[in-house]
Every structure is written in C-alpha cells, then in structure tokens.
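With the numbering used here applied, the sequence shown corresponds to residues 5 to 612, in that order. What follows is one structure encoded as structure tokens, with my remarks underneath.
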Amino acid sequence: MLMSQALFPTMRETPAEAEITSHQLMLRAGLIRRVAPGIYNLLPFGFRAVKKVEQIVREEMDRKGAQELLMPVILPAEPWIETGRWTAYGDDMFRLKDRHGKDFCLAPTHEECITTLVRNEVTSYRQLPLLLYHITNKYRDEVRPRFGVMRAREFIMKDLYSFDATVEGLLESYNKMYDAYCKVFDRCGLVYRAVEADPGAIGGSGSHEFMALADYGEALIAYCDACGFAANVEKAEVVPGQAGLYDVHPNVHPKMLEQKTPEAAGTVAPKPQRRKALKKVATPNVHTIQDVVDYLGVPVTDTVKTLFCWALRPDGTKELVAGVVRGDRELNLVKLKNLLGAVETYLAEAGEVLQHASVPVGSAGPVGLRGIRVFADVEVEAMTNFVCGANEEGYHYINVNAPRDFQPEKYADLRVVAQGDVCPRCRKERLEFARGIEVGQVFKLWTKYSEALGCTFTDEKGEKRPMQMGCYGIGITRTVAAVIEQNHDDKGILWPMSVAPYHAVVMPVNSKDSRQMEVARQVYAEMTDLGVDTLLDDRDERAGVKFMDADLMGFPYRITVGQTLAEKGVVEIRSRRTGHVDFVSPEAAAGTVRTLVEKALADVNGSK
Ligand code: ATP
Ligand code: MG
5 MLMSQALFPT
15 MRETPAEAEI
25 TSHQLMLRAG
35 LIRRVAPGIY
45 NLLPFGFRAV
55 KKVEQIVREE
65 MDRKGAQELL
75 MPVILPAEPW
85 IETGRWTAYG
95 DDMFRLKDRH
105 GKDFCLAPTH
115 EECITTLVRN
125 EVTSYRQLPL
135 LLYHITNKYR
145 DEVRPRFGVM
155 RAREFIMKDL
165 YSFDATVEGL
175 LESYNKMYDA
185 YCKVFDRCGL
195 VYRAVEADPG
205 AIGGSGSHEF
215 MALADYGEAL
225 IAYCDACGFA
235 ANVEKAEVVP
245 GQAGLYDVHP
255 NVHPKMLEQK
265 TPEAAGTVAP
275 KPQRRKALKK
285 VATPNVHTIQ
295 DVVDYLGVPV
305 TDTVKTLFCW
315 ALRPDGTKEL
325 VAGVVRGDRE
335 LNLVKLKNLL
345 GAVETYLAEA
355 GEVLQHASVP
365 VGSAGPVGLR
375 GIRVFADVEV
385 EAMTNFVCGA
395 NEEGYHYINV
405 NAPRDFQPEK
415 YADLRVVAQG
425 DVCPRCRKER
435 LEFARGIEVG
445 QVFKLWTKYS
455 EALGCTFTDE
465 KGEKRPMQMG
475 CYGIGITRTV
485 AAVIEQNHDD
495 KGILWPMSVA
505 PYHAVVMPVN
515 SKDSRQMEVA
525 RQVYAEMTDL
535 GVDTLLDDRD
545 ERAGVKFMDA
555 DLMGFPYRIT
565 VGQTLAEKGV
575 VEIRSRRTGH
585 VDFVSPEAAA
595 GTVRTLVEKA
605 LADVNGSK
C-alpha cells in the first residue's frame with residue numbers, strides 16, 4: 005500500500021471524547037471514527053488489525069475441529085420468547101418490527117439462533133459433538149457505551165457453540181475452548197488471566213472470563229498466587245466466618261498479614277459485647293457512612309449501610325428490595341441477583357426509594373422497614389450495637405442488634421470481596437486484586453437452551469435427550485483495543501507483530517530525492533513479494549511528520565532510506581519497540597526484515 009493513496013487520517017491532538025489511552029490512540033492513529041455513541045467506522049488501518057485478530061481466532065478454532073458458518077444479525081423474536089430472553093434481555097436489546105408488524109431484534113448473541121438450527125438439522129448422537137462458530141457484529145444497547153470499541157453498542161464478536169451428547173463431552177469441549185482461548189490471547193501478545201466468572205444473562209453455570217490486565221480495566225479480579233485461584237470480584241465468595249469474626253485491625257501493617265494464623269496476622273476476634281438499648285439519635289446533615297463516622301465518632305466497622313435495588317424478575321416485573329452490608333463494604337449486586345433468582349439487579353434512584361419506600365436514602369436502615377424484603381450480608385449477623393439510618397431524614401439508630409431490632413428475610417454472602425479477605429479456595433493466603441478488560445468468556449450452558457428449544461438427539465439406546473451445550477465468545481474489536489491498552493508508549497502504539505496492521509513501513513526521508521525514492525520503492529516491492537505487510541510512505545510530507553506518524557501508527561519496523569544511502573550506501577532498519585537500529589544494504593533490507601518478522605511471529609505462536 006502506498007501511503008499517498010491511503011485513508012490514514014492521523015491526529016496530533018488528543019481528542020477530548022476519549023478517556024483512556026487505547027481509545028485516544030485508536031482515534032489519533034486513524035483506526036476508528038465515531039458515527040454515534042458506541043457505534044464506529046472501522047477505518048482501513050483499524051480493520052486490518054481486526055482482521056489479524058479474526059485470523060488468529062479462526063486458526064485456533066479450526067485447530068480444535070470447529071466449523072465456521074455465518075448467522076444473520078436480524079433475528080426473529082419467537083425463539084427468544086421460548087427461552088424467556090425476549091423479556092429478560094430488557095433494554096440492552098435493540099428491537100425492530102418488519103413491515104408486517106413482526107418482532108425482530110438485532111442479535112446481542114446467538115444461542116437462540118444456533119440452537120434452533122441444530123435442533124432442525126441434527127438428530128442422532130452420531131452427528132455429535134459439533135463445534136460451530138461465526139465472526140460477526142453483535143448489537144447491545146449498553147447503558148454506558150464508552151472507551152471507543154471497548155464498550156460499544158455495535159461490535160464484532162466471535163461466538164462458538166458446542167453441542168455434545170454427554171456431560172463428559174461438554175466438559176471436553178469446554179476444556180478444548182479454554183485451551184484455544186489461551187492460545188488466541190497468547191498469540192495476540194496479551195497479558196491476561198483466566199478467572200472464574202458469573203454466567204450473567206447467558207445463563208448456565210460454570211464459566212471463565214479471560215481478562216487482559218490493565219489499570220483502568222472495567223472488571224476487578226481477585227486472585228491468590230498461592231493456590232492459583234482467580235475470579236471476577238462479582239463472583240468471588242467471601243469465606244464464611246472469616247469476615248466479621250476476624251476483622252483486620254486498621255493498624256495492622258500489611259507485612260503482618262502475610263503470616264498465617266489470625267493472631268499472628270494481627271487480626272482479632274471481636275469480644276462478645278453486651279447488647280445495649282436501641283436508641284434513635286438526631287444526626288443533622290448526616291447522609292453518607294463517612295458522615296456517620298465523623299458525626300457519631302464510631303468506627304466504620306460499627307455501621308451498616310442499606311442499599312435499595314430493583315430486582316428484575318424473569319417475567320419482566322420488578323421488585324424493590326433492600327441489601328444490608330457493613331458500612332465499609334460494597335453490596336455485590338450479582339450475588340444479590342443470584343440469591344433472588346432475578347435476571348438483573350441495579351441500584352434504585354433516590355427519588356424512586358422515596359416514592360416506593362418513603363425512605364430518604366441518606367438515612368436508610370433495616371429497622372422498621374415495612375413492605376420491603378431485606379437481605380443482609382452474613383457479616384451483619386455477627387455485629388452488635390451498630391449504627392444505621394432510621395429511615396427518617398436527620399436521624400439514625402445506635403445500638404442496633406439483630407434479631408432483636410430487625411429480621412432480614414435472609415443472611416447470605418452478599419458483599420464484594422475486599423482487601424484483607426482470605427482466599428476462598430485455599431483459605432490460607434489473602435486475596436490480591438487487579439483490574440482487567442474482559443476479552444473473552446466461556447460458558448457451560450448444560451441443557452438450558454436445548455431444553456427450552458427442544459434441541460434433542462437420539463442416543464445409542466434410541467432415547468431422546470437434550471444436547472449438552474457450551475458457548476464461547478471473544479470480543480474481536482475489544483481485543484484490538486486491549487492490545488493497544490497494553491502496548492503503547494507516549495509516542496503511539498507498539499503493535500505486537502501478530503496483530504500489527506502492517507509489519508513495516510518503508511520511508512524515504514526526502515520524497516524529492518529521486519535516488520531515495522527509487523531505492524525505497526525497490527525495497528518496498530521486495531518486502532511485499534516476500535509476504536511482509538508493508539507500507540511505502542511516499543507522501544510529499546516533511547520528514548518530521550512522517551516519523552511522527554510512523555511512531556503513532558506503531559509499525560513494528562521502519563526502514564528509513566535517508567542520508568546514509570548517499571553517504572554509505574545503506575538503509576536503516578529500526579525496531580519501534582526497542583529502538584534498536586541496524587544498517588544494511590538496500591539489497592539485504594527486505595530479507596532482513598522478513599527474518600525479524602518471522603521470528604517475532606514464531607515467538608508468540610509458541611507451541612503452534
Ligand atoms: P461485559 O461484561 O464486558 O459487558 P459480557 O459478559 O456481557 O461483557 P459476553 O456476552 O461474555 O459479554 O460477550 C463475549 C465477549 O464480547 C466479551 O468477553 C467481550 O470481549 C465482548 N463484548 C461484550 N460486550 C461488548 C461491548 N459492549 N463492546 C465490545 N465488546 C463487547
Ligand atoms: Mg462476558
């Protein structure tokens with residue numbers, strides 16, 4: 005490709021619309037342009053990176069015996085109604101009607117479509133297992149589209165579905181995909197962790213997410229290096245008894261936590277306390293937990309907070325419920341959702357709480373709360389004489405004790421794991437935390453969809469049984485963004501070779517110098533012939549501009565044809581990532597770069 009003929013619009017300034025580096029760089033280096041919130045044009049440079057990721061994904065899926073097909077993105081409502089997801093998907097689903105008034109959606113995912121297909125085409129155990137996938141656009145009307153293609157409303161996903169006759173078969177398919185996902189993300193040059201995950205709207209149970217580690221990542225991961233446990237904090241359980249019984253004292257030095265026993269670790273069991281009389285106290289202008297701590301002079305561990313949430317039921321109706329956790333804890337909405345069997349839980353607005361429960365949120369508490377189901381974290385059960393809101397503006401209760409003063413419908417593990425919590429698997433070490441970008445997720449669906457849609461097969465004994473299913477998604481466009489998030493410097497992108505839109509750029513420094521142009525064209529032609537994805541920067545631009553663009557766009561190698569050609573008869577090969585420079589004769593340039601590119605690809609392809 006000649007740069008003079010390409011649509012590669014780069015920008016010098018950081019666009020105000022972009023908060024995170026990958027989004028900024030995808031705009032500045034000319035990979036994407038916004039059409040509407042969460043909806044993007046993929047420009048030629050960005051589309052090449054996308055196609056590279058797609059190709060890696062294809063190769064790894066095919067290697068596991070999967071077959072590629074293509075399903076439509078406009079899907080009829082009926083199968084979604086049969087599985088209950090027409091309502092359960094809620095506002096995330098883009099819906100439309102055809103000219104006859106029939107309901108359709110823009111596919112947010114394809115379980116319904118593929119299960120219907122396989123139901124109609126596959127009848128016998130002899131035709132199983134099946135691994136089918138496609139790479140296509142998905143549509144989700146995200147509440148908060150942001151970070152460019154990272155959380156978009158239209159994005160490209162690879163989704164694969166496995167169909168097995170037996171549970172063992174499903175586990176085998178799942179493991180195959182888990183393995184393929186590791187290969188895909190290794191080959192994309194990502195630093196990632198596979199973590200235990202909540203299955204969310206997809207359903208089933210048993211799921212892993214692949215998280216590309218990044219400081220700003222939207223997901224929080226809890227992990228334990230001692231035993232290898234790693235989970236999305238939405239999922240990570242709190243070890244019963246550990247919390248509340250052995251609170252970490254604020255004065256404990258982190259070093260002390262490395263020791264094993266609670267005593268040695270400086271954690272202390274709270275002394276049994278006498279239950280004092282419940283009392284309502286005036287707390288003017290006290291609205292937050294911090295206000296309570298400051299105003300009443302109590303430790304935060306002696307407070308609770310009450311959060312009102314909407315629980316969306318599978319039939320589309322919703323209920324306002326209250327979740328109670330210790331003041332310094334966070335309510336885990338996913339755990340609450342699972343406890344309630346809801347399809348979604350989300351925090352209610354202050355106005356809604358006032359309207360439906362007559363409670364000002366800044367003074368909410370479980371005592372005397374009527375007509376609202378209350379669910380409390382297990383830690384709260386062990387607390388004595390604590391403080392909570394009195395459901396009346398300007399008042400709180402002190403010396404609250406359950407069950408004397410309130411009885412929640414249930415105590416359960418409802419809080420988010422936190423610093424200092426013990427690993428729920430080995431129960432020895434404390435959890436560590438990291439942020440991640442979810443680039444892929446694998447799910448065991450068991451028979452959730454095959455039963456709902458009648459996707460059965462006849463087994464060896466002639467009996468009809470539902471197929472065992474799994475589904476496996478990779479966000480292709482999000483993966484490109486994650487690669488950039490992990491691979492950049494202050495000048496621009498540092499593409500891993502495997503995903504780089506072009507492996508190299510050939511740059512005549514002075515386009516008016518006919519000798520430089522001639523050699524550059526020659527080297528470019530040879531590199532292209534050798535299968536190196538190469539650009540020729542033949543633009544009539546200042547050298548500074550060309551160099552800046554090359555750094556911004558991040559070509560792994562730059563072959564500079566400049567002064568040294570006339571002086572010494574050599575051209576320069578420079579690595580974008582290391583800054584290492586080699587001088588070679590123009591005749592040797594293409595071969596040298598090809599070897600470097602092949603080596604870089606072989607390194608990430610590893611066991612390929
Ligand atoms: P998230 O929790 O980030 O909303 P999800 O769990 O809903 O994602 P899945 O249904 O597991 O997403 O979809 C499979 C993959 O598709 C995700 O792992 C992610 O890489 C990608 N993906 C999901 N939603 C988006 C989005 N809005 N924009 C870009 N990629 C997305
Ligand atoms: Mg997911």
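Glycine included, each C-beta is placed from N, C-alpha and C at the ideal position. For clarity, every value in this text was computed on a predicted model and none was experimentally measured.
Item, Value
"Just to check, is the beta-carbon of Glu200 closer than 7 Å to a non-hydrogen atom of ligand 2?", "no"
"List the DSSP bridge partners of Arg562.", "Val509, Arg578"
"For Phe151, which residues in the same chain have their Cβ closer than 6 Å to its Cβ, ignoring the five residues on either side in sequence?", "Ile24, His27"
"Is the beta carbon of Gln472 less than 8 Å from the beta carbon of Thr170?", "yes"
"Cα-Cα, which of Glu467, Asp533, Tyr476, Ala380 is closest to Phe410?", "Ala380"
"Along the chain, where does the beta strand (DSSP E) that runs through Ser211 open and close?", "211–217"
"Starting from Cys186 and walking both ways along the alpha helix (DSSP H), at which residues does that stretch end?", "171–191"
"CA-CA distance, Lys280 and Arg408?", "11 Å"
"Near Arg598, which residues of its chain fall below 6 Å by C-beta distance, leaving aside the five closest residues on each side in sequence?", "Leu534, Val536"
"Using beta-carbon positions only, say whether Leu164 and Leu136 come within less than 8 Å of one another.", "yes"
"Just checking Glu213 against ligand 2 - is the residue's beta carbon closer than 7 Å to any of the ligand's heavy atoms?", "yes"
"Where does Met161 sit, in a helix, a strand or coil, going by DSSP?", "strand"
"If contact is defined by three or more beta carbon pairs under 8 Å, each pair taking one atom from either stretch, is the stretch 307–318 in contact with the stretch 57–68?", "no"
"Identify every residue that forms a DSSP beta bridge with Met521.", "The partner list for Met521 (beta bridge, DSSP) is empty, contrary to what the question assumes."
"At which residues does the alpha helix (DSSP H) containing Thr87 begin and terminate?", "82–87"
"Just list the residues that DSSP pairs Pro470 with in beta bridges.", "Thr460"
"Any chance the stretch 190–200 sits against the stretch 393–408, with 3 or more Cβ pairs inside 8 Å?", "no"
"Inspect the CB distances between the stretch 97–112 and the stretch 323–331 and report whether three or more fall short of 8 Å.", "no"
"Quick check on the burial criterion: 16 or more other C-beta atoms within 10 angstroms. Buried or exposed for Arg333?", "buried"
"Do the CB positions of Lys142 and Phe159 come within less than 8 Å of each other?", "yes"
"Quick check: the stretch 35–54 against the stretch 74–86, are there 3 or more CB pairs under 8 Å?", "no"
"Is Glu146 a contact residue of ligand 2, with contact defined as CB to any heavy atom under 7 Å?", "no"
"Are the CB atoms of Leu6 and Leu540 nearer to each other than 8 Å?", "yes"
"Can you tell me the Cα-Cα spacing of Leu29 and Gly496, whole angstroms?", "7 Å"
"Per DSSP, Gly444 is paired with what?", "Phe214, Ile478"
"Within a Cβ cutoff of 6 Å, which residues of the same chain sit near Pro512, ignoring the five residues on either side of it in sequence?", "Gln520, Met521, Ala524, Val565"
"Here's the rule: buried if 16 or more other CB atoms are within 10 angstroms of the residue's CB, otherwise exposed. What is Glu591?", "exposed"
"Could you round the C-beta distance between Glu213 and Asn236 to whole angstroms and report it? I think they count as a contact, below 8 Å.", "6 Å"
"Sorry if obvious, but does the Cβ on Arg155 come closer than 7 Å to a heavy atom of ligand 1?", "yes"
"Just how far apart, CA to CA, sit Val382 and Ala198?", "28 Å"
"Where Ala218 and Gln490 are concerned, what is the direct C-alpha to C-alpha distance, given to the nearest angstrom?", "7 Å"
"Look at the alpha carbon of Glu267 and the alpha carbon of Gly424, and state the distance between them as a whole number of angstroms.", "Because Glu267 sits at a pLDDT of 42, beneath the cut-off of 50, its placement in the model cannot be relied upon, and the following sentence gives the value as read from the coordinates. Taking the straight line joining both Cα atoms gives about 14 Å."
"Would you call the stretch 364–374 and the stretch 456–473 in contact, with 3 or more CB pairs under 8 Å?", "no"
"Would you call Met215 buried or exposed, if buried means 16 or more other Cβ atoms sit within 10 Å of its Cβ?", "buried"
"Could you tell me whether the stretch 120–134 touches the stretch 386–394, where touching means 3 or more Cβ pairs closer than 8 Å?", "no"
"Measuring only from the beta carbon, is Glu58 closer than 7 Å to any heavy atom that is part of ligand 2?", "no"
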